[in-house]
Ligand code: ARG
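Residue numbers (the numbering used here): 59 to 321.
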């Protein structure tokens with residue numbers, strides 16, 4: 059009896075070890091990519107499917123590697139940590155390359171650039187510059203560069219008394235405009251949000267003196283630190299897609315698709 063029991067125990071342990079290595083996680087034939095799909099034109103839902111510039115890029119990378127692409131939609135602020143821990147092979151989510159993030163993960167070469175935009179109700183004449191956000195409620199997507207920018211400006215007193223209202227995506231934030239005075243997010247995403255909603259308008263977030271409120275940002279794909287093989291493949295694909303104008307073409311194509319479905 060004892061023998062049988064210990065045999066069963068050993069068998070279960072063996073099975074769970076095997077499962078740990080392969081179940082519910084990436085395997086050698088798949089390229090598991092984490093994104094947050096509320097960020098048109100880079101990733102959004104179209105006909106019940108996640109599509110966008112980042113997805114098209116990663117599809118090209120998967121083809122280059124001869125693997126099957128698997129895209130998983132997660133909270134934006136978990137992507138880099140999951141890639142760092144090896145839960146996902148890569149993160150493709152319009153992720154701005156930043157030194158603090160580069161301590162966690164390795165970034166590809168930049169493939170797009172952006173700046174911070176502000177969205178306010180179309181009828182609003184009071185908020186025109188960064189300083190006008192002082193004491194106001196600002197909606198942002200959790201863990202994004204917009205979140206960090208506004209948090210830093212509250213901390214250094216520039217936006218004394220302002221409050222951050224966190225959301226899971228910029229589109230969700232903009233859809234709840236009555237809960238805040240403005241939403242801050244990346245340029246193209248902001249422009250698409252207002253293209254689909256005539257009650258809103260968007261413009262570049264500048265200081266009262268006309269200079270940008272934040273530096274230009276560049277997007278990169280992230281991989282686990284030291285995953286040179288995957289990073290090399292991504293960079294090779296990106297170089298080609300940028301050189302022949304494919305990324306620009308995809309930005310237009312997916313912007314049109316996003317407008318079509320109001321993403
Ligand atoms: N570029 C910004 C950042 O890195 C926002 C990216 C949001 N991306 C998304 N898929 N929701 O923080």
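For every residue, glycine included, the Cβ atom is placed at its ideal position computed from N, Cα and C.
Would you identify the three-state DSSP class for residue 94, choosing helix, strand or coil? coil
Sequence-distant residues of the same chain with beta carbon closer than 8 Å to residue 81, five excluded per side: Confidence is the limiting factor: at residue 81 the pLDDT is only 46, short of 50, which leaves the residue's position unreliable and the question unanswerable from this model.
Residue environment, residue 93, which counts as buried when at least 16 other CB atoms sit within 10 Å: Residue 93 is buried by the Cβ-count criterion.
Assess contact between the stretch 93-113 and the stretch 303-317, defined as three or more Cβ pairs (one per stretch) separated by less than 8 Å. Is contact present? yes
Span of the beta strand (DSSP E) holding residue 195? 195-199
Under the three-state DSSP convention, the category residue 81 falls into: In this predicted model, residue 81 has a pLDDT of only 46, less than 50, meaning its place in the structure is not dependable enough to derive any value.
Is any heavy atom of the ligand ARG found at a distance shorter than 7 Å from the C-beta of residue 92? no
Grouping DSSP H, G and I as helix and E and B as strand, with all else coil, what is residue 158? helix
Short Cβ contact (8 Å threshold) for residue 252 with residue 177: Residue 252 is a Cβ neighbour of residue 177, given a cutoff of 8 Å.
Whole-angstrom distance between residue 175 and residue 113, CA atom to CA atom: 23 Å
Can you tell me where the alpha helix (DSSP H) with residue 312 in it begins and where it stops? 304-319
DSSP-derived helix/strand/coil call for residue 17: No statement about residue 17 is possible, as the shown extent of the chain runs from 59 to 321 and does not include it.
Check whether the Cβ atoms of residue 242 and residue 196 lie closer than 8 Å to each other. Yes, Cβ-Cβ distance for residue 242 and residue 196 is below 8 Å.
Give the C-beta separation of residue 172 and residue 265 to the nearest angstrom, bearing in mind that I take them to be a contact with Cβ-Cβ under 8 Å. Not confirmed; about 18 Å, so no contact.
Residues bridged to residue 142 (per DSSP): DSSP output for residue 142 lists no bridge partner at all.
Bridge partners for residue 204 per DSSP, in chain order? Paired residues: none, contrary to the question.
Cα-Cα separation between residue 313 and residue 250, rounded to whole angstroms: 7 Å
If you draw a straight line from the alpha carbon of residue 115 to that of residue 295, how long is it in whole angstroms? 8 Å
Would you identify the three-state DSSP class for residue 260, choosing helix, strand or coil? strand
Comparing C-alpha positions only, which one of 103, 162, 150, 318 sits nearest to residue 120? 150
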